[in-house]
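Undergrad: One structure, pasted below without further comment.
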Amino acid sequence: RRQLPSAWGATFDTVLAVYTGTLGSNLTKVAGDDDSGGDGASLVTFNTVEQTVYQIAADTVTGRAGDIQLDITLLVPPTVSLISPASGATFTAPATVPITARALDPDGSVNRVEIYRDNTLIGAVTNGLNNDFSLTWTNDVAGGYKLTAKAIDNSGESATSAAVGITVLGAPQAPRILVQPQNRTVP
Numbered sequence: 014r015r016q017l018p019s020a021w022g023a024t025f026d027t028v029l030a031v032y033t034g035t036l037g038s039n040l041t042k043v044a045g046d047d048d049s050g051g052d053g054a055s056l057v058t059f060n061t062v063e064q065t066v067y068q069i070a071a072d073t074v075t076g077r078a079g080d081i082q083l084d085i086t087l088l089v090p091p092t093v094s095l096i097s098p099a100s101g102a103t104f105t106a107p108a109t110v111p112i113t114a115r116a117l118d119p120d121g122s123v124n125r126v127e128i129y130r131d132n133t134l135i136g137a138v139t140n141g142l143n144n145d146f147s148l149t150w151t152n153d154v155a156g157g158y159k160l161t162a163k164a165i166d167n168s169g170e171s172a173t174s175a176a177v178g179i180t181v182l183g184a185p186q187a188p189r190i191l192v193q194p195q196n197r198t199v200p
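When we follow this note's numbering, the leftmost residue of the sequence shown carries the number 14, and every step to the right adds one.
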């Protein structure tokens, strides 16, 4: 998870910093900013660690007094899992492999789901139906493959599913028929 605090609404230049530790002693700076939010506003982004207490300091660059509005947004990445094909599924070349990933975003929406075969992008889906994002992969090469799905949400956060292993078998070969001359017997 990421935190996205911002200081804005002031009529003066702000500076914003995030620390871990106890106030008054042993503070460790995690992130800081002066003006990346535009118009004198400060914006920091940092990854949070569960069970960690953070101290947020907002101040002015010039020492002027006044009000500062502090907004804190928690960005939670989406969750994603491959629901088909099942791990260990077998297909025969030329294979048509239907792939469905289920993706959810607790603090927004899923913009797209990308499907990968052995870390190579094979397609992206932007129009999921009931949180399921589906595509069909056509493959005519026999072999073992690892499929993963990556979900990207409306705030740019992403998550990758566990890999699902599948096998594409070679195309069946037509039997070879040998014709013996009529005057010979076949044992």
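We put the CB at the ideal spot given by N, CA and C, even for glycine.
If you're wondering where the values come from, they're calculated on a predicted model, not measured in any experiment.
Please classify Val181 as buried or exposed, where buried requires at least 16 neighbouring CB atoms within 10 angstroms.
TA: Burial call: buried.
Undergrad: What residues match up with Gly156 in a beta bridge as DSSP calls it?
TA: For Gly156, which the question treats as bridged, DSSP gives the partners Val181.
Undergrad: Identify every residue that forms a DSSP beta bridge with Leu95.
TA: Leu95 is bridged to Ala114.
Undergrad: Considering only residues of the same chain and omitting the five flanking positions on each side of Leu29, which have a CB-CB separation below 6 Å?
TA: For Leu29, where only same-chain residues beyond five positions count, the Cβ hits under 6 Å are Ala20, Asp46, Ser55, Val57 and Ala71.
Undergrad: With burial defined as no fewer than 16 other Cβ atoms inside 10 Å of the residue's Cβ, what is the status of Arg189: buried or exposed?
TA: Exposed, since its Cβ has fewer than 16 Cβ neighbours within 10 Å.
Undergrad: Tell me, please, whether the region 117-127 touches the region 156-167 by the rule of three or more beta-carbon pairs shorter than 8 Å.
TA: These segments touch.
Undergrad: Given 7 Å as the limit, tell me if Val43 has its C-beta closer than that to any heavy atom belonging to the ligand ADP.
TA: The model depicted lacks the ligand ADP and carries no ligand whatsoever.
Undergrad: Which residues does DSSP list as the beta-bridge partners of Pro45?
TA: First, the residue type needs correcting, since residue 45 is Gly and not Pro in the sequence shown. Looking at the DSSP assignment, Gly45 forms a beta bridge with Ala30.
Undergrad: Going by beta carbon distance, what residues of the same chain come within less than 8 Å of Ala175, once the five residues before and after it are set aside?
TA: Only Ser94, Leu95 and Thr161 meet the Cβ criterion.
Undergrad: If you measure between the beta carbons of Ser100 and Val177, is that distance less than 8 Å?
TA: It is a contact, given that the beta carbons lie within the stated cut-off.
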